[in-house]
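Novice: Taken in sequence, the protein lines are chains A, B and C. Counting from 372, one number per residue, gives the positions in the first sequence under my numbering. Counting from 37, one number per residue, gives the positions in the second sequence under my numbering. Counting from 2, one number per residue, gives the positions in the third sequence under my numbering. Note that beta-carbon positions come from the ideal geometry of N, C-alpha and C, so glycine has one too.
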Amino acid sequence: MQIDAHMVAQVAKLAHLKLSSEEIVYYQNHLESILGYVQQLDKMAQSQQVATGESEIQSEREDVRRPSVGAEQAVIQAPDSSGTFFQVPRIIE
Amino acid sequence: MSSTKISSLSAKAIVSGLASRSFALDDVIATFVERTKKVCPALNSHVFFSEEVISKQVDALKKTSNPESYPLFGVPVLVKDNICTMDMPTTCGSKILAGYVPQYDATVISRLRNAGAVIFGKTNQDEFAMGSSNENSAYGPVKNPWDLERVPGGSSGGSAAAVAAELVPVALGSDTGGSIRQPASFCGVVGLKPTYGAVSRYGLVAYGSSLDCIGPITRSVEDAAMVFDVISGHDPKDATSLHSGSREIPNSEAMVSKKRIGVISELIGTGNDLDTTHSFKEAVLELKALGAVVEEVSLPEIEYSIAMYYLIATAEASSNLARFDGIRFGHRSSDPTQSLKELYLNSRSEGFGKEVKQRIMLGTFALSSGYYDAYYGKALNAREQLKSAVKRLFSQYDFLISPTSPTTAFKIGEKIADPLSMYLSDIGTIAANLAGIPAISIPCGMSESRLPIGLQIMAPWNQETSLLQLAGIYEKKLKWSERYKPNV
Amino acid sequence: MSDLLQQFDLVIGLEVHCQLDTQSKLFCGCSTSFGGEPNAHTCPVCLGLPGALPVVNKKVLDSAIALALAVGADIRQRSVFARKQYFYPDLPKGYQISQFDLPFCEKGGITLTSGKFIELTRIHIEEDAGKNVHGDKNSFVDLNRAGIPLLEIVSTPQLESAEEASDFLRRLHSIVRFLEISNANMEEGSFRCDANVSLKRKGATKLGTRCEIKNLNSFRNIERAIHYEAVRQADIIVQGGTIIQQTMLFDANSGSTRPMRSKEESHDYRYFPDPDLPVLFINEERIEKTRKSLPELPAQLEKRFIEQFELPAVDAAQLTSDRDLAKYFESSTKFLKKGTPKLAANWILSELAREVNDRSWTYMNCPVSAQSIAQLVNAIGEGTISGKIAKTVFKSMVETGKDPETIIKEEGLVQISDKSAIRTLVERIVNENPAQVAEFLSGKEKIIGFFVGRIMKESGGKMNPAAVNAVLLSTLNSKKVGS
């Protein structure tokens, strides 16, 4: 399928990736080539199969409180924090 | 015992040697520490290695009053750097997690620690497990111990190279499309991809969530079975974790005779190099000699497995990697004037390598509005068909085999320019991930240029026991690792 | 203004996000308690740290089943958790785990007071996001709320007025509180409503463009917002303009809606089934188990109150509008002897309700117990005290917390019904006031009030008014000529 620069830019926007103009060209080609390759899946007949999973056993948790890491620990790896908040540039709404 | 001898020992032998006091814990640790310091630089197998962190663990172990009750007591184990360890950084081979130290241990790590293992460091890998050569790491490529100009395979290249070079007897890797088995094949070691869900993924940094498996890389099937036993089993923290318990391995030669083994015909064609074709034929003869019925069988859906994989894995990855935004942890772009939007764009674009970005782009596209049905949806559907086909084959055969990889280890830089050709070399291994079945790679031969060749055996869902049994018997017969060792 | 709207049919659909009352979050064991230091209630799972995985909270599933049963919805045997993907600082994983294609249940509905049945489209389970707080140069992210369990309840657009919308919400609100699956506190944000509003020409089939009004936090505001929005849209259409589809916010101060500054153009959420969570499998057995443990729901309870306690519909409706109030009333009926349920209802809905409101009490922990109210009503029924004296007793009950029997005894409020005592006093008062007697005899029957007043004063209000009246009338009438 045909991929144009606009589509690449759209995808990059969704993925929150910043692409240079060379990269946009690169991705146009790359995506076209891979998508061309995967097109062969059309040859497989469409079946109505529903993924059932190998077992119907549920994995659920009891509604019990477990100790948390603690507010300081939660932000300890944050590149920027203020008290125990994560800090980011002002969100414009 | 001399240190050369100790470094060649299996995990099982180390445990029993320590128990019988043939050598002391300090000897074991010193041997592997020295060997690592000596050999690791040539291989670039490690991202993190600290004698201090090792000593802390050893000191704690020494206080144990009953080491016999620890199945892996004193065994040095390396861990692929996408598995969370509380006392060591976990970078996933990426800049975006440089220096990131998790607040928790992955479940497999807790289990290893509780079994008395010593976590010996973190190994180099393709970034976020995306790659088949370990050339996609932000920390440089890993070298194959059999030929330092060649790749060790990927994405668990560091783990496989380290085990092959006897820097440890055991390493953990992860396998999403072959990332344990293919490097095991390239490095002449044993690599087990368990049944999906047999080993907890809690603490494994996710790539393709419905495909990812953690598994052991070792120099013997017995060791792989021991480690699998320790790390497998239901984990309430992983909702996809199986409820069935771990297994025993009896070892009886009678087990092989009359077993029906299918050779996947699509995987023994002209795409394989001559050495691989030859070694694989020998392996088939060997299995027949052991009493198995071995015949060719077709799995036509396998032709489409790469297409399925590259839509499903990348779609899941594009979603799993959205959390890397520079806000709560990891790399944040340093421009103080940047807006929030720029923070996201810059941090992610600076932090992720090329292959990762490529797969995020592909995956995002496959899920996007208007394209979901044609790409991701179609791939899911195709996967179900493949699963059914594999299940049907297992109603006629006990095992399915193939060469692990079409070729032996290629040269560093040889395939990196053409991603598609790199992707296509995964043809042998991907089906097991898509079907969720267990698969193992064990060495079965050597090429003319002295590069290892791997045999892949696949078993039905949740049948690790039979798989490990057959692999163990074949291994004992072949005695490959007694004949070959890398010069490093 | 109402002329303007006469030309149109109003089409309203509601989306309610109801926070479930559980101990721990939807996918991890972190505490759901309100408040707390920012990020105190977090763990690798709800922080979205690498390698962490979600595991669903059993109680959330049980609560969802309960609500589905209460509204008569079709529960899917298999439903799927899906990832809704977008980037925002309060969304740590970069996606929200919700449900898309295969939601928990579909259809079912709620009957309005008017008897009209409003069908639901679906109910699904999802996790809440964290909170952002804004400063001048920076924003601050608190993930305590990230991962809180929510049920999203979506109605079909069958509501045709703001009043219907408000009624629908009140009933839904009441149901979730009766089921005890949610506190549904609108001010605190545990019961949030978005309204989709559009107009179409009266009788037309084609729907108009709709606008979504977000995060309405009281029943009153919902009505106000819908009214305003309807007029806003009507104005535009009548002047030949077109309605732009947009998201609106309601400004409670001005009573108006205004467009939200759009975050971005419409999102591509790239929904896909979450591979970390197996298909959600709900079997008949589990549904039956929950069905057996369901409490009585408002609609049933209302009906029962009317039948069992012979209450008028209005009273029954009021009493069942709140779970705790209903419990309180029913509890009081257990202690009734001579007092009637109707009388108890009167006292509870007027005098007690006033005190509860003024003093910010709750029916659950009311200082005036249900038993006390019953005692009070019994005392009236037995004739021990009059209705008027009962008010005094009640005041004392409120202020001292003592029960009526004690108060009546201590303050000597037992009503005097002894006919001879009454006769003695009546005759005295009558004899002491010949002028008024003359007025009565001349035809001014209303002067009887004067005597009643005197008698009540002299007796400290303790004489049975009915008896007083009877004796007084017979005494006065006996003075008529020729009797």
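(1) Under the three-state reduction of DSSP, which class applies to residue 306(B): helix, strand or coil?
(2) When the Cβ atoms of the segment 350-363 of chain B are set against those of the segment 242-257 of chain B, are three or more pairs found closer than 8 angstroms?
(3) Quick check on residue 495(C): does DSSP put it in helix, strand or coil?
(4) For residue 188(B) versus residue 170(B), is the C-beta spacing smaller than 8 angstroms?
(5) According to DSSP, is residue 153(B) part of a helix, a strand, or is it coil?
(6) Am I right that residue 156(B) and residue 94(B) are in contact with their C-beta atoms under 8 angstroms? What's the rounded C-beta distance?
(7) What residues of chain C sit near residue 273(B), judged by a beta carbon separation below 7 angstroms?
(8) I want to see whether chain B comes within less than 8 angstroms of residue 277(C), judged by CB atoms only; does it?
(9) Please list the terminal residues of the continuous beta strand (DSSP E) segment that includes residue 182(C).
(10) Please name the residue in 345(B), 485(B), 294(B), 54(B) whose C-alpha comes closest to that of residue 311(B).
(11) Verify the CB distance criterion: does residue 438(A) have a CB-CB separation below 8 angstroms to chain B?
(12) Is there a Cβ of chain A sitting closer than 8 angstroms to that of residue 55(B), yes or no?
(13) Determine, for residue 404(A), whether the minimum Cβ-Cβ distance to residues of chain B falls below 8 angstroms.
(14) Output, in sequence order along the chain, the residues in the segment 75-94 of chain C whose CB is closer than 7 angstroms to any CB in chain D.
(15) State the DSSP-derived secondary structure class of residue 318(B), mapped to helix, strand or coil.
(16) With distances taken Cα to Cα, identify the nearest neighbour of residue 11(C) among 235(C), 55(C), 288(C).
(17) To the nearest whole angstrom, what separates the beta carbons of residue 382(C) and residue 344(C), a pair I think is in contact under 8 angstroms?
(18) Touch check for the segment 211-220 of chain C and the segment 177-196 of chain C: three-plus C-beta pairs under 8 angstroms?
(19) For chain C, find out if any of its Cβ atoms is closer than 8 angstroms to the Cβ of residue 390(A); answer yes or no.
(20) Compute the Euclidean distance between the alpha carbons of residue 441(A) and residue 40(C), then round it to the nearest angstrom.
(21) Just to check, is the beta-carbon of residue 433(C) closer than 7 angstroms to a non-hydrogen atom of the ligand GTP?
(22) Whose Cβ in chain B lies nearer than 7 angstroms to the Cβ of residue 462(A)?
(23) For residue 128(B), which three-state DSSP category applies?
(24) Just the chain B side, please: which residues come within less than 9 angstroms of residue 142(C) by C-beta, in chain order?
(25) Could you name the residues that DSSP lists as bridge partners for residue 458(A)?
(26) Going along the chain, which residues of the segment 24-45 of chain C sit with their C-beta nearer than 9 angstroms to a C-beta in chain A?
(27) Using a Cβ-Cβ distance cut-off of 8 angstroms, determine whether residue 335(C) contacts chain A.
(28) Strictly below 7 angstroms CB to CB, what residues from chain B border residue 386(A)?
(29) Quick check: what's the CA-CA separation for residue 176(C) versus residue 212(C)?
(30) In chain order, what residues of the same chain have a beta carbon less than 6 angstroms from the beta carbon of residue 457(B), not counting five sequence neighbours either side?
(31) Three Cβ pairs or more, each shorter than 8 angstroms: is that satisfied between the segment 438-448 of chain C and the segment 387-404 of chain C?
(32) Check whether the segment 509-523 of chain B and the segment 11-27 of chain C touch, using three or more Cβ-Cβ pairs below 8 angstroms as the test.
(33) Within the continuous beta strand (DSSP E) that includes residue 296(B), where are the two ends?
(34) Please state whether the Cβ-Cβ distance between residue 50(B) and residue 63(B) is less than 8 angstroms.
(35) Taking a contact to mean a Cβ-Cβ separation below 8 angstroms, would you say residue 415(A) touches residue 425(B) in this structure?
(36) Taking only beta-carbon positions, decide if residue 409(A) is within less than 8 angstroms of chain C.
Specialist: The short version:
(1) coil
(2) yes
(3) As shown, chain C starts at 2 and ends at 484. That puts residue 495(C) outside it, with no answer to give.
(4) yes
(5) coil
(6) That belief does not hold up - the Cβ atoms of residue 156(B) and residue 94(B) are roughly 10 angstroms apart, past 8 angstroms.
(7) Simply 54, 56.
(8) yes
(9) Run containing residue 182(C): none; DSSP gives neither H nor E here.
(10) 485(B)
(11) no
(12) no
(13) yes
(14) Considering every chain present, this structure includes no chain D. Its protein chains are A, B and C.
(15) helix
(16) 235(C)
(17) 7 angstroms
(18) The segment 211-220 of chain C makes contact with the segment 177-196 of chain C: 3 or more CB pairs, one atom from each, lie closer than 8 angstroms.
(19) no
(20) Cα to Cα, the separation comes out at about 7 angstroms.
(21) Absent from the structure shown: the ligand GTP. Ligands present: none.
(22) 376
(23) Residue 128(B) falls in the coil class under three-state DSSP.
(24) 363, 364
(25) 141(C)
(26) 24, 25, 28, 29, 30, 31, 32, 33, 34, 37, 38, 39, 40, 41, 42, 43, 44, 45
(27) no
(28) 354, 396, 397, 400
(29) 27 angstroms
(30) 451
(31) no
(32) no
(33) 296-300
(34) no
(35) Contact check for residue 415(A) against residue 425(B) fails: the beta carbons are separated by 8 angstroms or more.
(36) no
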